[in-house]
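A quick write-up on the structure given underneath.
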Amino acid sequence: MGGFFKLLKGGSQSSLTAAIVNFIISGLKGGAFVLTGNVAMFAEMMHSLGDAANQFFVFIGSALSKKSPTDRFPFGFGRLVNLVCLGAVIIVAILSYETVKEGIHHIMQPGHGAMSTRNLLINLGVLGLGVILEVGVLYKAGKEVLQETNNNYKGLAPLTSAFVHSKNAKPATKLVFMEDTVATVGGILAIIAILIAQFTPFNIAEGIASVIIGLMMFYVVYKIFMENAAGVLGEHAPEMEIRVSQILFSNEHIKDIQRLFVLKEGEDLHVEATVELNHHLTLKEVDDIREQLTDIILQQHHVTDVNIEFKDNDGVQAWPERADDMDHRMPGQNGIFKHHN
Numbered sequence: 001m002g003g004f005f006k007l008l009k010g011g012s013q014s015s016l017t018a019a020i021v022n023f024i025i026s027g028l029k030g031g032a033f034v035l036t037g038n039v040a041m042f043a044e045m046m047h048s049l050g051d052a053a054n055q056f057f058v059f060i061g062s063a064l065s066k067k068s069p070t071d072r073f074p075f076g077f078g079r080l081v082n083l084v085c086l087g088a089v090i091i092v093a094i095l096s097y098e099t100v101k102e103g104i105h106h107i108m109q110p111g112h113g114a115m116s117t118r119n120l121l122i123n124l125g126v127l128g129l130g131v132i133l134e135v136g137v138l139y140k141a142g143k144e145v146l147q148e149t150n151n152n153y154k155g156l157a158p159l160t161s162a163f164v165h166s167k168n169a170k171p172a173t174k175l176v177f178m179e180d181t182v183a184t185v186g187g188i189l190a191i192i193a194i195l196i197a198q199f200t201p202f203n204i205a206e207g208i209a210s211v212i213i214g215l216m217m218f219y220v221v222y223k224i225f226m227e228n229a230a231g232v233l234g235e236h237a238p239e240m241e242i243r244v245s246q247i248l249f250s251n252e253h254i255k256d257i258q259r260l261f262v263l264k265e266g267e268d269l270h271v272e273a274t275v276e277l278n279h280h281l282t283l284k285e286v287d288d289i290r291e292q293l294t295d296i297i298l299q300q301h302h303v304t305d306v307n308i309e310f311k312d313n314d315g316v317q318a319w320p321e322r323a324d325d326m327d328h329r330m331p332g333q334n335g336i337f338k339h340h341n
């Protein structure tokens, strides 16, 4: 049991924080829906509840994925986080459907228009508080995105530049960031819809908002499903392959790369390479080259395992870019490579 709790400490903290916050928000929105019967509030309640359940499962999955390899599973549990994400999006998909259905029902049969001042204040108060809390979670997730991608995370950067770098973040962090982006936008949209329905004859505004929120949730389902399905199957990481090839060619003794692939398993990257060397090198020199290159590659983001094999140069260029055409600056100089701790 102690080992299980130790694993939980290594889970995605942004997922855990988001799950707790969204459970609280869903309870507040559920209470407001019971008191007011507002359809936009129902959509937001379902959205927050789906996010909370999703993020909790992702937290558990991200923690268990760090479990050490066993005799039965010698390659570890890295892909477990992808499996959990795939299961979690099923919950969001069901709630998305219910949200869209309820919105369409309200559009077809709109309510009575303006609500009482008491109900208006309840809805706006709960939604406003929800948006504030969601922005806090979004900021934390954005900060983790920038930390994981080795970018500056000060000031408003987690709410601005994190969108550009989120595609390179860990699966769990990316999911939380995407879900809370939609949750924040959905909360603001619900507030606008309630105000429109309250002060104009456009009574179907809340139903339209509910449909839009549901469709945004479906978009998250699609993105997360496609990315994690690829992770479960085991996908290659082309950007890291380019970076690793540059690192390999940065050594003057590397003349060609016969084979190179970077396999992505969950949050981890595994590097396999076969390279060609000059004939005259001693075994000690080859071992030194292997150690130097392995250390540099392991410092790249998410890389956990490196296997480099050496062969004599056969004089036939197999890699698309020749070593003589590469920029031979060592990693870390002039910003070509960044070391990730």
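Using full-length UniProt numbering, the first residue of the sequence shown is number 1, and each one after it goes up by one. We treat Cβ as the ideally placed atom computed from N, Cα and C, and that holds for glycine. Bear in mind that the values here come from a model prediction, so they are computed numbers and not experimental data.
Go through its chain and collect everything with a Cβ distance to residue 343's Cβ below 6 angstroms, but skip five positions before and after it. The displayed coordinates of the chain run from 1 to 341. Any statement about residue 343 would go beyond what the structure contains.
Residue 314 lies in the beta strand (DSSP E); which residues open and close that run? Segment: none, residue 314 is in no beta strand (DSSP E) and carries neither H nor E.
Residue 329 classed as buried or exposed, judged by whether at least 16 other C-beta atoms fall within 10 angstroms: Low confidence applies here, because residue 329 scores a pLDDT of 38, under 50, leaving its location unreliable; read the following figure in that light. Counting Cβ neighbours within 10 Å, residue 329 comes out exposed, since fewer than 16 surround it.
Rounded to a whole number of angstroms, what is the C-alpha to C-alpha distance between residue 341 and residue 281? Residue placement at residue 341 cannot be trusted, given a pLDDT of 37 that sits under 50; the coordinates are not used to answer.
Residue range of the beta strand (DSSP E) that residue 261 falls in? 254-265
Spell out a yes or no on whether the stretch 31-43 and the stretch 96-116 are touching, meaning 3 or more CB-CB pairs, one atom from each, closer than 8 angstroms. yes
Any beta carbon of chain C sitting closer than 8 angstroms to that of residue 55? The chain inventory of the structure shown lacks chain C, comprising one protein chain alone.
Quick check: what's the CA-CA separation for residue 253 versus residue 239? 23 angstroms
Considering only C-alpha positions, which residue in the set 278, 189 and 237 is nearest to residue 312? 278
Just how far apart, CA to CA, sit residue 107 and residue 265? 44 angstroms
Which residue from 70, 18 and 34 puts its Cα closest to that of residue 59? 18
Compare the Cα-Cα distances from residue 188 to each of 233, 130, 309 and 158 and report the closest residue. 130
Mind checking whether residue 30 and residue 63 have CB atoms under 8 angstroms apart? no
Is the beta carbon of residue 50 closer than 8 angstroms to that of residue 85? no
In chain order, what residues of the same chain have a beta carbon less than 6 angstroms from the beta carbon of residue 333, not counting five sequence neighbours either side? Legend: pLDDT at residue 333 = 35, less than 50; position of this residue unreliable, value from coordinates given subsequently. If we look at residue 333 and ignore the five residues flanking it on each side, it has no Cβ neighbours.
Close beta carbons around residue 223, own chain, < 7 angstroms, minus the five adjacent residues each side: 178
Less than 8 angstroms between the C-beta atoms of residue 301 and residue 149, yes or no? yes
Can we say the stretch 244-251 touches the stretch 287-307, given the rule of at least three CB pairs closer than 8 angstroms? yes
Rounded to the nearest angstrom, how far is the Cβ of residue 210 from that of residue 125, given a contact under 8 angstroms? Their Cβ separation, rounded to whole angstroms, is 19 angstroms, which puts residue 210 and residue 125 out of contact at 8 angstroms.
Residue burial classification, residue 233 (beta-carbon count within 10 angstroms, cutoff 16): exposed
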